[in-house]
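All remarks here apply to the structure that follows.
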Amino acid sequence: MPDTAKKNSTVKSIRPVKPLDNIFIKGARVHNLKNVSVEIPRNKLIVVTGVSGSGKSSLTIDTLFAEGQRRYAESLSAYARQFMARMVKPDVDFIKGLCPAIAIEQKVITRTPRSTVGSMTEVYDYLRLLYARAGKTISPVSGREVRKDDVKDVVEAMSKLTIGDKVLILIPFRQHTHRNAQEELNILMQKGFSRLYDGTVLRIEDLLEDAKWKAAKDTYVLIDRLVVKDFDEDDQHRIADSVGTAFYEGEGALQLEVNGTQKLSFSNKFELDGIQFEEPVPNLFSFNNPFGACPTCEGFSQVLGIDSDLVIPDKRLSVYEGGVAPWKGEKLGWWKEQFIKGAKKIDFPIHKPIIDLTKAQYKTLWEGSHGVLGINDFFKEVEQNLYKVQYRVLLSRYRGRTECPDCKGYRLRKEALYVQVGGKHIGELCEMPTKDLVKWFDQLKLSEYDQQVAKRVLIEIHHRLKTLMDVGLGYLTMNRLANSLSGGESQRIQLTRSLGSNLTDSLYILDEPSIGLHSRDTERLIRVLKELRDLGNTVVVVEHDDMMMREADHIIDMGPLASHLGGEVVASGNYDELISNPKSLTGQYLSGALQIEVPKKLRNWNRSIKVEGARQNNLQDLTVEFPLNTLCVVSGVSGSGKTTLVKQILYPGLQKIKGEFADKVGLHKAITGDVDYLSQIEMVDQNPIGKSSRSNPVTYIKAYDEIRDLYAKQPLSKMRGFQPKHFSFNVDGGRCDTCKGEGEQVVEMQFLADVHLTCEVCGGKKFKEEVLEVNYNGKSIYDVLEMSVDESLEFFKAEKDIIQKIKPLSDVGLGYVKLGQSSDTLSGGEAQRVKLASFLGKGKAQGHILFIFDEPTTGLHFHDIKKLLASFNALIEQGHSILVIEHNMDVIKSADWIIDLGPEAGDGGGNLVYAGIPSGLKKVKESYTGRFL
Numbered sequence: 001m002p003d004t005a006k007k008n009s010t011v012k013s014i015r016p017v018k019p020l021d022n023i024f025i026k027g028a029r030v031h032n033l034k035n036v037s038v039e040i041p042r043n044k045l046i047v048v049t050g051v052s053g054s055g056k057s058s059l060t061i062d063t064l065f066a067e068g069q070r071r072y073a074e075s076l077s078a079y080a081r082q083f084m085a086r087m088v089k090p091d092v093d094f095i096k097g098l099c100p101a102i103a104i105e106q107k108v109i110t111r112t113p114r115s116t117v118g119s120m121t122e123v124y125d126y127l128r129l130l131y132a133r134a135g136k137t138i139s140p141v142s143g144r145e146v147r148k149d150d151v152k153d154v155v156e157a158m159s160k161l162t163i164g165d166k167v168l169i170l171i172p173f174r175q176h177t178h179r180n181a182q183e184e185l186n187i188l189m190q191k192g193f194s195r196l197y198d199g200t201v202l203r204i205e206d207l208l209e210d211a212k213w214k215a216a217k218d219t220y221v222l223i224d225r226l227v228v229k230d231f232d233e234d235d236q237h238r239i240a241d242s243v244g245t246a247f248y249e250g251e252g253a254l255q256l257e258v259n260g261t262q263k264l265s266f267s268n269k270f271e272l273d274g275i276q277f278e279e280p281v282p283n284l285f286s287f288n289n290p291f292g293a294c295p296t297c298e299g300f301s302q303v304l305g306i307d308s309d310l311v312i313p314d315k316r317l318s319v320y321e322g323g324v325a326p327w328k329g330e331k332l333g334w335w336k337e338q339f340i341k342g343a344k345k346i347d348f349p350i351h352k353p354i355i356d357l358t359k360a361q362y363k364t365l366w367e368g369s370h371g372v373l374g375i376n377d378f379f380k381e382v383e384q385n386l387y388k389v390q391y392r393v394l395l396s397r398y399r400g401r402t403e404c405p406d407c408k409g410y411r412l413r414k415e416a417l418y419v420q421v422g423g424k425h426i427g428e429l430c431e432m433p434t435k436d437l438v439k440w441f442d443q444l445k446l447s448e449y450d451q452q453v454a455k456r457v458l459i460e461i462h463h464r465l466k467t468l469m470d471v472g473l474g475y476l477t478m479n480r481l482a483n484s485l486s487g488g489e490s491q492r493i494q495l496t497r498s499l500g501s502n503l504t505d506s507l508y509i510l511d512e513p514s515i516g517l518h519s520r521d522t523e524r525l526i527r528v529l530k531e532l533r534d535l536g537n538t539v540v541v542v543e544h545d546d547m548m549m550r551e552a553d554h555i556i557d558m559g560p561l562a563s564h565l566g567g568e569v570v571a572s573g574n575y576d577e578l579i580s581n582p583k584s585l586t587g588q589y590l591s592g593a594l595q596i597e598v599p600k601k602l603r604n605w606n607r608s609i610k611v612e613g614a615r616q617n618n619l620q621d622l623t624v625e626f627p628l629n630t631l632c633v634v635s636g637v638s639g640s641g642k643t644t645l646v647k648q649i650l651y652p653g654l655q656k657i658k659g660e661f662a663d664k665v666g667l668h669k670a671i672t673g674d675v676d677y678l679s680q681i682e683m684v685d686q687n688p689i690g691k692s693s694r695s696n697p698v699t700y701i702k703a704y705d706e707i708r709d710l711y712a713k714q715p716l717s718k719m720r721g722f723q724p725k726h727f728s729f730n731v732d733g734g735r736c737d738t739c740k741g742e743g744e745q746v747v748e749m750q751f752l753a754d755v756h757l758t759c760e761v762c763g764g765k766k767f768k769e770e771v772l773e774v775n776y777n778g779k780s781i782y783d784v785l786e787m788s789v790d791e792s793l794e795f796f797k798a799e800k801d802i803i804q805k806i807k808p809l810s811d812v813g814l815g816y817v818k819l820g821q822s823s824d825t826l827s828g829g830e831a832q833r834v835k836l837a838s839f840l841g842k843g844k845a846q847g848h849i850l851f852i853f854d855e856p857t858t859g860l861h862f863h864d865i866k867k868l869l870a871s872f873n874a875l876i877e878q879g880h881s882i883l884v885i886e887h888n889m890d891v892i893k894s895a896d897w898i899i900d901l902g903p904e905a906g907d908g909g910g911n912l913v914y915a916g917i918p919s920g921l922k923k924v925k926e927s928y929t930g931r932f933l
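Counting from 1, one number per residue, gives the positions in the sequence shown under the working numbering.
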């Protein structure tokens with residue numbers, strides 16, 4: 001921790017926080033909060049917990065953070081506010097003692113391919129500064145350092161000579177193209193110079209009289225003559241003046257001739273070996289700036305070129321077996337034949353699978369050697385024949401995004417990569433995993449001058465890298481794209497940035513920071529949060545993790561259940577007070593009074609899918625078998641390769657085999673096994689279920705169609721000629737014409753928040769009066785949409801079709817959600833379970849589906865995990881298979897089969913630590929998962 005931080009934390013501990021200083025919320029009514037009043041102690045680590053949908057995010061993000069943001073925005077001028085996101089005043093009586101608020105949410109915040117881990121954590125900004133100030137430019141020709149001399153260097157060189165040495169300060173005599181020698185001499189006379197030198201001293205006056213005089217090759221203008229002695233101050237001024245004049249007149253170059261023999265050259269230009277180099281400035285190292293970005297790929301690291309994955313689609317084949325896709329057919333097969341004939345000459349193994357070739361052999365295949373033509377030569381010929389249509393078609397088949405050939409994927413122009421610190425250029429540092437980068441900086445030796453210059457920058461870099469290590473991201477490289485990170489990684493990177501800025505007296509609100517973290521890494525994360533608290537900040541964490549609750553200073557439990565049955569503070573106090581509170585559902589699970597049971601017996605399996613030779617990212621040539629008709633869990637520490645194996649190889653690989661459109665499949669040898677047994681593969685993620693504000697759970701699970709049919713069959717509907725479409729708020733007919741079925745109208749208020757007004761015509765009921773007059777069991781269509789799932793099950797008990805569609809929502813634990821609740825108010829976990837319900841509702845008619853879940857326990861309370869596991873079991877009973885990437889111990893212990901990757905993250909991971917039943921994992925020493933089980 002930097003000294004300032006240490007100082008701050010001691011200052012904080014000296015000044016105890018009075019209860020009067022605490023944050024006090026009175027009368028919060030956002031979403032489902034029922035007039036909640038709660039006190040949040042300052043400068044403490046507070047956990048807000050409760051079942052999904054109980055109002056945790058409404059209290060923290062939508063009330064506390066929204067008000068903190070709004071207060072900041074109100075301090076700006078009306079002019080500035082119109083350019084900001086409109087701030088809605090949360091529905092709360094008042095909040096007292098609120099300090100500046102920062103929310104770090106569970107979102108991958110950037111989609112741009114320009115944003116990297118280095119730029120998000122600000123480490124790259126400090127690296128740029130380090131290279132601009134302490135970097136040494138190395139010439140690619142001679143490998144020497146490029147330097148520019150100034151007056152001081154020349155004066156120093158003179159003072160080191162022996163006393164009595166005779167020194168001449170010379171600059172080259174230059175004759176410009178449109179002037180003759182006499183004109184040049186005249187100009188020199190006018191400037192005040194009187195002598196030239198070509199081994200002897202020549203007077204310019206004499207030369208002007210000789211019309212035939214021509215300058216020899218080594219003719220110089222003599223600027224000054226000196227004899228070396230103990231120079232006093234006046235002498236030094238004179239020398240400095242002469243040297244300054246020489247640099248100016250000699251266009252940056254001068255020479256000292258010592259005793260008529262030794263010549264010393266000096267230049268104040270940044271050049272060497274005949275190359276003019278760029279002087280290092282921070283923007284030279286920025287790939288987001290046209291000055292620093294590689295001109296070929298414009299800083300994106302990729303260009304449109306020949307895509308090696310398209311040219312060699314199946315790396316398991318050898319060259320002889322036709323591994324190079326375009327080398328086939330009567331005419332183009334010649335290329336393969338000539339390569340095979342010449343293979344002996346260049347010692348190339350034509351029968352070896354391409355995936356097993358060494359780097360040198362792979363390079364030979366592309367570039368050719370000793371007269372044997374490679375793939376690149378083939379495409380050169382294709383490009384020469386592009387005036388023929390068949391060649392244009394051929395080329396288009398193999399074009400794709402490839403690494404930029406000029407910058408080799410480093411994103412910067414070549415001048416930036418000539419600059420080195422400690423023998424490495426900035427691109428090489430960005431390729432190192434954080435843990436190796438920390439070691440490299442620890443061993444970095446700089447000269448005393450550079451050490452002084454870079455001292456402050458190095459402190460900032462060290463601090464941020466240490467935090468990245470502490471939050472368990474030591475396996476990430478700085479050039480990793482931000483849009484390839486998981487939600488949990490993205491959140492912890494934002495945390496690194498916030499910690500790096502060393503704020504004090506602030507309110508940090510984190511939304512489930514432990515998601516995607518193995519229990520081992522959660523311990524480190526808690527240390528980081530406590531460090532943030534000890535700087536004098538209030539840290540509020542929305543969290544379900546029992547480790548986090550044990551370490552918290554204060555816990556607020558929301559509930560008792562979800563949605564309209566929640567929205568109250570059930571308990572508040574420390575861990576022991578929560579456990580002893582009989583009203584708290586969380587407390588009962590923590591104390592063990594309620595628990596998730598381990599299944600009595602595990603399912604046997606006889607069908608499976610096998611991934612062979614997985615080598616993408618950090619996977620070390622893995623072969624893994626995934627059983628079907630079971631609950632199979634893939635576990636391992638964060639960064640061990642779980643996402644790569646399942647989401648980048650298995651999922652797109654299976655889609656490709658099924659003939660569906662899929663993303664690029666990661667590097668592997670084969671996917672085998674009972675692929676034909678599966679009818680489809682479904683990735684059930686936490687993305688929202690609908691983009692429009694009119695999308696809701698009842699339309700997503702297709703139950704609304706049945707309800708509309710029921711209302712269209714009522715006698716009054718038949719009299720008035722209403723069809724099912726009249727009961728839809730998505731098409732004209734029965735919906736209110738004024739608000740188009742939204743139930744409200746939005747008035748834009750320029751620099752104030754948009755005002756949402758209930759529609760005057762329909763009174764917020766979304767339908768026309770005559771449609772609302774149609775009743776079933778005394779309820780209109782609007783009343784049905786306002787019901788919760790559980791209420792509607794009771795209401796429609798006579799209608800079997802509707803019950804069958806709605807019941808799965810209740811089974812996955814969403815009984816509290818209103819049928820017509822807008823999908824943009826659902827949490828990620830709720831959206832995921834609505835998708836799950838839509839599959840449960842389809843029953844057995846849909847064949848055998850492999851469901852892939854990525855961390856389905858995100859945002860789920862122990863109570864909800866119990867319901868989720870029950871839904872999983874129901875799907876397996878219907879004949880489906882479930883594969884889950886998960887760190888939650890309750891899910892892991894309930895699995896039929898566990899695949900544990902690791903043992904560490906990044907290059908220390910990517911191995912199969914264990915595959916088998918859960919009880920066997922405890923015996924594996926290398927497995928971190930086994931320790932926590």
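From the three backbone atoms N, C-alpha and C, an ideal C-beta is built for every residue, glycine too. Note that the structure is predicted; figures quoted are calculated from it, not measured.
With a contact defined as Cβ atoms closer than 8 Å, GLY50 and MET548 miss out at about 14 Å. In the DSSP assignment, CYS430 falls within the unbroken alpha helix (DSSP H) covering 426–430. If only complete runs of 4 or more residues are kept, the stretch 16–72 shows the alpha helix (DSSP H) at 56–59, in order along the chain. Residue burial annotation: PHE851 is buried, with at least 16 other C-beta atoms found within 10 angstroms of its C-beta. GLU122 places its beta carbon 8 Å or farther from that of ILE95. Per DSSP, HIS463 is one residue of the alpha helix (DSSP H) stretching across 448–470. Here THR137 really is in contact with VAL419; their C-beta atoms are around 5 Å apart, less than 8 Å. LEU525 and VAL324 have their C-alpha atoms spaced approximately 48 Å apart. Secondary structure note for GLU257: its beta strand (DSSP E) is the uninterrupted segment 253–258. Less than 8 Å separates the beta-carbon of ALA614 from that of ILE649. When DSSP states are grouped into helix, strand and coil, LYS669 belongs to the coil group. Under DSSP, no beta-bridge partner is assigned to SER871. In the pairwise beta carbon analysis, the stretch 468–487 is classified as not touching the stretch 146–153: fewer than three pairs are separated by under 8 Å. The secondary-structure analysis by DSSP pairs PRO172 across a beta bridge with TYR220.
In this chain, the alpha helix (DSSP H) harbouring ILE806 covers 800–811. In this structure, DSSP gives SER490 a helical state, which the three-state scheme calls helix. SER638 places its beta carbon less than 8 Å from that of ASP521.
Exclusion of the five residues before and after ASP754 leaves ARG86, VAL746, VAL747 and GLU748 as the residues of its chain whose Cβ lies within less than 7 Å of its Cβ. Closest by C-alpha distance to PHE24, out of ARG42, ASP864 and LEU161, is ARG42.
Less than 8 Å divides the Cβ of THR929 from the Cβ of ILE892. A direct Cα-to-Cα measurement between ILE461 and ARG492 gives close to 17 Å.
In the three-state reduction of the DSSP assignment, TYR391 falls in the helix class. Between ASP576 and ASN537, the CB-CB gap reaches or exceeds 8 Å.
In terms of Cβ geometry, SER159 and PHE231 form a close pair [threshold 8 Å]. Partner residues in a beta bridge of PHE932, as assigned by DSSP, do not exist. Taking each of VAL30, ILE355 and GLN361 in turn and checking the Cα distance to ASP91, the smallest one comes out for VAL30. Taking the Cα of GLY908 as reference, the smallest distance to any Cα among PHE722, GLY368, SER927 and LYS923 is reached at SER927. With respect to the 8 Å criterion, ASN617 and THR644 are classified as neighbours on the basis of their beta carbons.
If you draw a straight line from the Cα of LEU535 to the Cα of ALA101, it is about 15 Å long.
It is roughly 42 Å from the alpha-carbon of GLN686 to the alpha-carbon of LYS718. Nearest to ILE556 by C-alpha distance, out of ARG71, VAL540 and LYS435, is VAL540. The Cβ-Cβ distance between LYS835 and ILE689 falls below 8 Å. A Cβ-Cβ distance of about 6 Å is found for the pair GLN361 and PHE348, placing them in contact under the 8 Å criterion. Here the alpha carbon of TYR410 sits roughly 5 Å from the alpha carbon of GLY427. Assigned with DSSP and collapsed to three states, LYS336 falls in helix.
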